[in-house]
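Heads up: the structure comes next, in structure tokens.
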Amino acid sequence: MSTETLSDVEDDAPEFIPATSEGKPPHSEIDISSKAFWTQTSEEREQKFKLLRETDPVSWQRPVEDAVTPDPDDPGYWAVTRHADIARVSRDNETFISGQGVLFDLLPTIFLEMTQSFLAMDPPKHDDLRRLVSSAFTPKQVKRLEQQIKTAAREIVDSFASDPAGAEGELDFVERCAERLPARLFCDMFGIPEHLREATVKGAGDIVAWADPDTLAGRPADEVQVEAAATLHEIAEELIALRRKEPGEDLFSSLLDAEVDGRKLDDFEIGAFFVLMSVAGTDTTKHTSSLTVRAMTQFPSEKEYLKEDFDGRIKVAVEEFVRFASPVMTFRRTAMKETELGGKKIVPGDKVVMFYPSGNMDTDVFADPETFDLSRDPNPHVGFGGGGAHFCLGNQLAKASLTALFRELLTRIPDIEAVGEPRLLGTNFMRGVKSMKVRFTPEGK
Ligand code: HEM
């Protein structure tokens, strides 16, 4: 029987409809498109989001300032700030599609094709690809992963718990802990050999940090991004060729075998999925764990509450880690049908951007949202998206990683606390922490 790849299947993506300024109100005076807005802290940004939720929950905004590839014809976008509207846009995958881009910023097309895989596709092609990829996570793979998560969390905490470097017993939590766990799991999952690990992790980091001056070091953002995506594709190509000859236990080997309804993935699709996972699966969890250590420092009684009964309370608490951190700040859709949202008329071609941190602070859903409350239950946050076809595929893995890491931290160095202010990433996509000092009593002292 011949197997076709998904690329052979006709793509019935809807035609591109250009966005128009016709019939639109003036751009909102509560401006969330400026570069300055995205270099503020999330607490500062929340003041504007709150105002928008209360006065203009679906506001018409000017185009993003300093877009990577600016479009002179771009009229702007609708900013969706309330929880209910974010859920509606996320779940109505016929009216609001992903196939014409999901990022708030305007990025080079070649880069998007190389990096986004089914994140930027629509049903049915999206569903076929997501099913195919999910089928590669066999029960055997998942079992291995669970073990790998526990071992990795223990070894990473082992590497610094008894001996914090530096004169004051302080260390950078991001470098020594937060970034290590997801990077190691991602590399283990795909069976990345030791000599390629550093390049893989750097490539993934460069892709999400596109507007950050430290990452760019004076180079244009599109150049840095395309280079990083190309490096990751080269790594994928090398490993696909290797696994084709010598299959192993890793995800590349399973992806080569995965088949749904007589269809298989081609090499480019595997490469693009690898890049999507390198970004989706690493920085998100890294930033959530740093932001959670900070939140526990700001709300010490919550840390005590969790420590009292870690196993009994972590399942509920980990949802609050994600709500409070909201590391993924924006995703976009494009309207394909005329509809009304938050009292505004949306027409085909309009860009619609969801602001997850705003939805996670919506008082219609969360009582006292500015409080980090580890007993918050239910906790219908939109940190993993607002539901629908694109809901985070890795949410279970992310929660398992955070659980394993905080079990190690809170049992072995329970007085760990953030010192001073963290250094933040200046982008409009990821709420990221570049570095954050922590202090604790070394284990066994
Ligand atoms: C705290 C950690 C994480 C957060 C906050 C997060 C957040 C998100 C968000 C907001 C989306 C888009 C949802 C939408 O458009 O409706 C998403 C999609 C996705 N995430 Fe995560 N994520 C996390 C961890 C992970 C991990 C660990 C993996 C993989 C190992 C992963 C893989 C994916 C994939 C593949 C998608 C695309 C799903 C699709 O388009 O069907 N994520 N994630």
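Heads up: the sequence shown begins at 32 in this note's numbering, then just goes up one per residue.
Note that CB positions come from ideal geometry on N, CA and C, so glycine has one too.
Whole-Å CB distance - residue i paired with residue j, under 8 angstroms assumed
i    : j    : result
L307 : L150 : 6 angstroms
S432 : L216 : 7 angstroms
G390 : G419 : Not confirmed; about 14 angstroms, so no contact.
A429 : T313 : Actually they do not touch by this definition, with Cβ atoms about 10 angstroms apart.
T231 : L263 : 7 angstroms
F135 : V384 : 5 angstroms
F386 : A110 : 6 angstroms
R175 : V291 : The pair is not a contact, with the Cβ atoms about 22 angstroms apart (cut-off 8 angstroms).
T112 : F80  : 5 angstroms
E439 : V120 : That belief does not hold up - the Cβ atoms of E439 and V120 are roughly 38 angstroms apart, past 8 angstroms.
Straight-line Cα distance separating residue j from residue i
i    : j    : result
K468 : D203 : 5 angstroms
L455 : T70  : 8 angstroms
D395 : F422 : 22 angstroms
E280 : P139 : 35 angstroms
R275 : G451 : 50 angstroms
V255 : E53  : 35 angstroms
E229 : F127 : 38 angstroms
T458 : E206 : 19 angstroms
S59  : E96  : 14 angstroms
P379 : A50  : 8 angstroms
I141 : S284 : 26 angstroms
T100 : P251 : 10 angstroms
R325 : L441 : 14 angstroms
E77  : F355 : 12 angstroms
P473 : T328 : 17 angstroms
K66  : G107 : 15 angstroms
S406 : D340 : 12 angstroms
L296 : D159 : 10 angstroms
S165 : G293 : 15 angstroms
T72  : I238 : 21 angstroms
M220 : L212 : 12 angstroms
I447 : C218 : 28 angstroms
L143 : A261 : 12 angstroms
C-beta contact flag for residue i and residue j at 9 angstroms
i    : j    : result
F415 : V353 : yes
A214 : A235 : yes
R443 : A192 : yes
F403 : E351 : yes
S267 : D298 : Just to set this straight, residue 267 is Ala in the shown sequence, not Ser. It is a contact, given that the beta carbons lie within the stated cut-off.
M461 : P331 : no
P445 : K334 : yes
S309 : A209 : no
G302 : I271 : yes
I180 : V413 : no
A481 : D381 : Given a span of 32 to 476 for the chain in the structure shown, any question on residue 481 remains unanswerable.
R364 : V133 : yes
L282 : Q172 : yes
G463 : A311 : no
A167 : L286 : yes
D102 : S129 : no
P388 : H114 : no
D408 : P400 : no
Simplified DSSP state of residue i, which is helix, strand or coil
i    : result
Q71  : coil
E452 : strand
M32  : In this predicted model, M32 has a pLDDT of only 39, less than 50, meaning its place in the structure is not dependable; the value taken from the coordinates is given anyway. Reduced to three states, the DSSP call for M32 is coil.
S90  : strand
V413 : coil
V383 : strand
R113 : coil
V99  : coil
D395 : coil
A167 : helix
F80  : helix
E371 : strand
E201 : strand
M152 : coil
S466 : strand
I63  : coil
V120 : helix
T51  : coil
F422 : coil
R364 : strand
I444 : coil
V378 : coil
I271 : helix
Proximity test, residue i beta-carbon vs ligand 2 heavy atom, cut-off 8 angstroms
i    : result
V291 : Ligands displayed in this structure: ligand 1; ligand 2 is not among them.
Below-9 angstroms beta-carbon distance, residue i vs any chain B residue
i    : result
A429 : Included in the structure is just one protein chain, with no chain B present.
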